[in-house]
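A short write-up of the structure that comes next.
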Amino acid sequence: MSQERKKVMIYLRPEAYANEKAASEKIKKHSDMARTALLAGLALGEVDSRLPGLLASLLTKENNPELIRKMLASFLEVPAATEERPAPVAPDKEQVVVESASARNLANSLPD
1 MSQERKKVMI YLRPEAYANE KAASEKIKKH SDMARTALLA GLALGEVDSR
51 LPGLLASLLT KENNPELIRK MLASFLEVPA ATEERPAPVA PDKEQVVVES
101 ASARNLANSL PD
(Lines of atoms letter the chains of each structure in order from A; the text may use other names.)
(Lines give C-alpha, C1' and ligand atoms only; values in the text may rest on other atoms or scores of the structure.)
Protein backbone atom coordinates (compact mmCIF):
# COMPACT_ATOMS: atom_id res chain seq x y z
CA MET A 1 0.00 0.00 0.00
CA SER A 2 1.55 3.28 -1.08
CA GLN A 3 1.20 6.41 0.99
CA GLU A 4 -0.08 9.32 -1.02
CA ARG A 5 0.86 12.62 0.53
CA LYS A 6 -0.21 16.14 -0.32
CA LYS A 7 1.92 19.15 0.47
CA VAL A 8 -0.09 22.07 1.79
CA MET A 9 1.51 25.49 2.07
CA ILE A 10 -0.07 28.52 3.64
CA TYR A 11 1.24 31.97 4.34
CA LEU A 12 0.52 33.65 7.63
CA ARG A 13 0.49 37.43 7.84
CA PRO A 14 1.34 38.02 11.51
CA GLU A 15 1.84 41.74 10.99
CA ALA A 16 -1.66 42.13 9.55
CA TYR A 17 -3.89 39.90 11.69
CA ALA A 18 -3.81 39.23 15.43
CA ASN A 19 -5.03 35.64 15.08
CA GLU A 20 -2.30 34.85 12.51
CA LYS A 21 0.31 36.42 14.80
CA ALA A 22 -0.83 34.15 17.65
CA ALA A 23 -0.77 31.15 15.31
CA SER A 24 2.71 32.05 14.05
CA GLU A 25 4.08 32.23 17.59
CA LYS A 26 2.56 28.85 18.47
CA ILE A 27 3.93 27.23 15.30
CA LYS A 28 7.44 28.48 16.12
CA LYS A 29 7.22 26.57 19.40
CA HIS A 30 5.47 23.45 18.09
CA SER A 31 6.25 22.62 14.46
CA ASP A 32 3.86 19.63 14.22
CA MET A 33 1.00 21.80 15.40
CA ALA A 34 0.43 23.29 11.92
CA ARG A 35 -0.42 19.91 10.40
CA THR A 36 -2.64 18.98 13.32
CA ALA A 37 -4.38 22.36 13.24
CA LEU A 38 -5.12 22.02 9.53
CA LEU A 39 -6.67 18.58 10.05
CA ALA A 40 -8.63 19.79 13.08
CA GLY A 41 -9.99 22.71 11.07
CA LEU A 42 -11.18 20.35 8.36
CA ALA A 43 -12.87 18.15 10.97
CA LEU A 44 -14.55 21.16 12.60
CA GLY A 45 -15.80 22.24 9.19
CA GLU A 46 -17.69 18.96 8.97
CA VAL A 47 -19.60 19.90 12.13
CA ASP A 48 -20.43 23.39 10.87
CA SER A 49 -18.76 25.18 7.97
CA ARG A 50 -18.64 28.44 9.97
CA LEU A 51 -16.78 26.91 12.90
CA PRO A 52 -13.14 26.92 11.64
CA GLY A 53 -13.24 30.59 10.65
CA LEU A 54 -15.02 31.61 13.81
CA LEU A 55 -12.59 29.81 16.08
CA ALA A 56 -9.61 31.12 14.09
CA SER A 57 -10.85 34.68 14.58
CA LEU A 58 -10.90 34.12 18.35
CA LEU A 59 -7.22 33.16 18.43
CA THR A 60 -5.66 36.29 19.87
CA LYS A 61 -3.69 37.03 23.01
CA GLU A 62 -6.64 38.99 24.37
CA ASN A 63 -9.05 36.03 24.26
CA ASN A 64 -8.67 33.34 26.84
CA PRO A 65 -9.14 29.61 26.18
CA GLU A 66 -12.40 29.65 28.16
CA LEU A 67 -14.04 31.86 25.53
CA ILE A 68 -13.01 29.42 22.80
CA ARG A 69 -14.34 26.48 24.85
CA LYS A 70 -17.69 28.23 25.31
CA MET A 71 -17.96 29.02 21.61
CA LEU A 72 -17.13 25.44 20.66
CA ALA A 73 -19.63 24.08 23.19
CA SER A 74 -22.38 26.29 21.78
CA PHE A 75 -21.88 24.74 18.34
CA LEU A 76 -21.74 21.20 19.68
CA GLU A 77 -25.02 21.61 21.58
CA VAL A 78 -26.87 22.19 18.32
CA PRO A 79 -28.83 19.08 17.25
CA ALA A 80 -27.32 17.03 14.46
CA ALA A 81 -28.25 17.95 10.90
CA THR A 82 -29.51 14.45 10.16
CA GLU A 83 -33.12 13.79 10.94
CA GLU A 84 -34.08 10.80 13.00
CA ARG A 85 -37.11 9.16 11.58
CA PRO A 86 -39.75 8.32 14.14
CA ALA A 87 -40.46 4.67 14.70
CA PRO A 88 -43.45 3.45 12.70
CA VAL A 89 -46.61 3.24 14.74
CA ALA A 90 -48.26 -0.14 14.61
CA PRO A 91 -52.01 0.14 14.07
CA ASP A 92 -54.20 -1.10 16.88
CA LYS A 93 -56.00 -4.32 16.04
CA GLU A 94 -59.23 -3.10 17.58
CA GLN A 95 -59.19 0.23 15.79
CA VAL A 96 -62.35 0.69 13.77
CA VAL A 97 -62.10 2.79 10.65
CA VAL A 98 -65.24 4.60 9.68
CA GLU A 99 -65.33 5.18 5.95
CA SER A 100 -66.91 8.40 4.81
CA ALA A 101 -68.75 8.96 1.55
CA SER A 102 -66.03 11.43 0.50
CA ALA A 103 -63.34 8.81 1.04
CA ARG A 104 -65.28 6.23 -1.00
CA ASN A 105 -65.81 8.70 -3.85
CA LEU A 106 -62.14 9.64 -3.85
CA ALA A 107 -61.06 6.00 -3.78
CA ASN A 108 -63.36 5.17 -6.68
CA SER A 109 -62.04 8.07 -8.76
CA LEU A 110 -58.39 7.04 -8.46
CA PRO A 111 -56.93 4.61 -11.03
CA ASP A 112 -55.99 1.11 -9.87
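Numbering follows full-length UniProt numbering, with no gaps: position 97 of the sequence shown is 97. Here a beta-carbon is modelled for each residue, glycine too, at the ideal position from N, C-alpha and C.
With 16 or more other Cβ atoms from the protein chains shown falling within 10 Å of its own Cβ, Pro52 counts as buried. CA-to-CA, the gap between Gly45 and Leu72 works out to about 12 Å.
In the structure shown, the three-state DSSP call for Ser57 is helix. Residue range Pro65 to Leu76 is occupied by the alpha helix (DSSP H) that includes Ser74. Boundaries of the alpha helix (DSSP H) harbouring Ser24: Ala18 to Lys29, taken from the DSSP string. Across the structure, Ala18 and Ile68 are spaced so that their CA atoms are roughly 15 Å apart.
Rounded to the nearest angstrom, the gap between the Cα atoms of Ile10 and Ala16 is 15 Å. Secondary structure of Glu62 (DSSP, three-state): coil.
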